[in-house]
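Working notes, structure below.
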Amino acid sequence: MATYYLEPSRTFSEFLLIPNLTTKECTPANVRLKTPLVKYKQGEAPAISLNIPFSSAVMQAVSDDGMAIALARCGGISFIFGSQSVADQAAMVRKVKGYKAGFVVSRSNLTPEHTLADVLALKEQTGHATVAVTEDGTAKGKLLGIVTSRDYRISRDSQDKPIRDFMTPFASLIYGQSGITLSEANDLIWEHKLNCLPIVDERQCLDYLVFRKDYDAHKENPLELLDANKSYIVGAGINTKDYKERVPALVAAGVDALVIDSSDGYSEWQRETVQYVKENFDVKIGAGNVVDREGFLYLVESGADFVKVGIGGGSICITREQKGIGRGQASAVMEVVEARDQYFKETGIYVPICSDGGIVHDYHITLALAMGADFVMMGRYFARFDESPTRKLRVGNNFVKEFWGEGSNRARNWQRYDTGGKSGLLFEEGVDSYVPYAGTLQENLDKTIGKIKSTMCNCGATSIEELQRVARITLVSATSLVEGGAHDVILKESSLSEE
Ligand code: IMP
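Listed below in structure tokens is the structure:
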């Protein structure tokens, strides 16, 4: 006989937080949102923590290298989409790791024998105005000079002119020595009114470039998520099919954390994938998605460093309609958290939980955290920003951004849904859509984080761990949902409905 769960499964919208005493010390300025990304033993520190509990979804329309840099700068992590070639995904990871928060590996490089035509073609291709001239034309070769648009006149100079005849030669350059701090580099930039400072080692080989504009960005972001080498931390999505080719390339590119991206993670395919990664590489790996205790324990016992929770709640997801599997996101999180806490009591190992999909309002994030999730993963939320890799279009007087599911025909990410049969699927599990354009990641995150911190103060908590301990959460009735919005008034046209 089938097993029945006759309690309805719940969504975040069916819950509210009840305030606790707010002490005078409990102010938004005192709230810290640091949270573990990967499992750790009681009393030890996790190998990777996030500075804000946000991750961006493993989706073509959300997480490329640009989003990864922007989100790491704010303290969160992106998992770069895996529904692309191994080489392309590894190149995106490499770009993020090369970004170096102020120290940039030069991406436009030529030799002195190249010509002005080569400089112009490279500029057109990369958009970079500064070209490093090195002996072998590589980013780490012996630096012989720099070319910027101040070094040539397109109208006068012959396109065949070799770079050696018009570059600013090394002898005339202001440069820094490897090991210099960002703040020392910035002093040189200011002192000499430079836009770009090359950093070279003792053999005159180029190490990095420091740009004035990057320094300004770096200074404004105290929460940025950095590894021991001061590179941004980045994740990548993998699947249970081609992991033996994909994982080695991602690890070689410097990825910090992998996650198996699947709509249903309670499978032997996931166990094999996690075990392969654990046996062969020193890299963190999350698994999922699951919605219950059994699925969670299966993945943890397989070796997963964190577990992703959620089936069918994503904004573009039609899995529940198509296949009839899934569970209300709040119920799924609550059950998995209970299993995690019990596992922690029994083993002393804390396994972080990611609530993935279905965040509609900012307060849903606070609820997910209060219910015991350690961080959330969002697609729709991030797709709305300038930094997402999709087109911004005008519809009437409004702007929208394109947003499509990984299970849609457009993404063709069948590995995410394949359960081991012949490749390819007969039906879609996601839609192709638009989301309202919302501006920059930074401005939206500031607002969302402001709301989360403020709610945490209402609940008397200054950390996520404390919120999880003290939160009081109530179910709401269908009628009180109406009471929760503006009601029984005539809204003025200028009233803004916010996230
Ligand atoms: P959102 O934050 O509500 O937009 O949900 C994003 C999540 O939806 C992702 O992290 C995935 O877990 C899931 N997802 C992405 N693409 C699809 C799809 O095509 N079908 C079903 N779920 C999807």
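With my numbering, letter number 337 in the sequence shown gets 338, and the count goes up by one each step, no holes.
Ideal placement from N, C-alpha and C gives every residue a C-beta, glycine not left out.
Proximity test, residue i beta-carbon vs the ligand IMP heavy atom, cut-off 8 Å
| i | result |
| --- | --- |
| Lys324 | no |
| Lys402 | no |
| Ser79 | no |
| Met93 | no |
| Ser264 | yes |
| Ser316 | yes |
| Met60 | yes |
| Ile360 | yes |
| Glu429 | yes |
| Gly311 | yes |
| Met379 | yes |
| Asn459 | no |
| Gly296 | no |
| Glu407 | yes |
| Ile319 | yes |
| Ala305 | no |
| Ala369 | no |
| Asn290 | yes |
| Asp375 | no |
| Tyr299 | no |
| Val471 | no |
| Ala384 | yes |
| Asp188 | no |
| Asp65 | no |
| Ala412 | yes |
| Val337 | no |
| Asp555 | Because the chain spans 2 through 500 in this model, residue 555 falls outside it and cannot be assessed. |
Spatial distance of residue i from residue j (CA atoms)
| i | j | result |
| --- | --- | --- |
| Glu500 | Ala130 | Confidence at Glu500 is low in this model, with a pLDDT of 48, below 50, so its placement is unreliable and the value that follows should be read with caution. In a straight line, the C-alpha of Glu500 is about 38 Å away from that of Ala130. |
| Thr112 | Val134 | 5 Å |
| Gly44 | Lys346 | 13 Å |
| Gln469 | Gly373 | 6 Å |
| Val278 | Asp202 | 36 Å |
| Thr139 | Gly146 | 13 Å |
| Lys1 | Ala254 | The question about residue 1 has no answer, for the chain in this structure spans 2 to 500. |
| Ile19 | Thr456 | 10 Å |
| Ile474 | Ala369 | 11 Å |
| Ser159 | His362 | 58 Å |
| Gly180 | Glu125 | 32 Å |
| Asn290 | Ser332 | 14 Å |
| Thr12 | Gly358 | 11 Å |
| Thr182 | Leu123 | 30 Å |
| Gln550 | Ala412 | The question about residue 550 has no answer, for the chain in this structure spans 2 to 500. |
| Leu535 | Thr169 | A question about residue 535 goes unanswered here, because the residues of the chain that appear run from 2 up to 500. |
| Pro47 | Tyr41 | 5 Å |
| Gly431 | Gly406 | 5 Å |
| Val256 | Val94 | 6 Å |
| Ser184 | Ser478 | 55 Å |
| Ser57 | Lys194 | 38 Å |
| Thr320 | Lys393 | 27 Å |
| Gly329 | Phe307 | 20 Å |
| Gly238 | Ile81 | 6 Å |
Three-way DSSP call (helix, strand, coil) for residue i in this model
| i | result |
| --- | --- |
| Met372 | coil |
| Leu17 | strand |
| Met457 | helix |
| Ser179 | coil |
| Ile78 | strand |
| Asn110 | strand |
| Ile155 | coil |
| Glu499 | Interpretation of Glu499 is limited by its pLDDT of 49, a score under 50 that renders its predicted location unreliable; the figure taken from the coordinates is listed afterwards. If DSSP states are grouped into helix, strand and coil, Glu499 belongs with coil. |
| Phe282 | coil |
| Pro390 | coil |
| Met335 | helix |
| Arg33 | strand |
| Tyr267 | coil |
| Val471 | helix |
| Ala288 | strand |
Three CB pairs or more closer than 8 Å across the stretch 431-441 and the stretch 378-393: yes
Cβ contact check for the stretch 258-269 and the stretch 309-323: 3 or more pairs under 8 Å: yes
The stretch 288-299 / the stretch 42-55 touching (three or more Cβ pairs under 8 Å): no
Three or more C-beta pairs below 8 Å linking the stretch 397-414 and the stretch 485-494: no
Sufficient close CB pairs (3 or more, under 8 Å) joining the stretch 23-30 to the stretch 347-356: no
At least three beta-carbon pairs within less than 8 Å, the stretch 196-212 to the stretch 63-73: no
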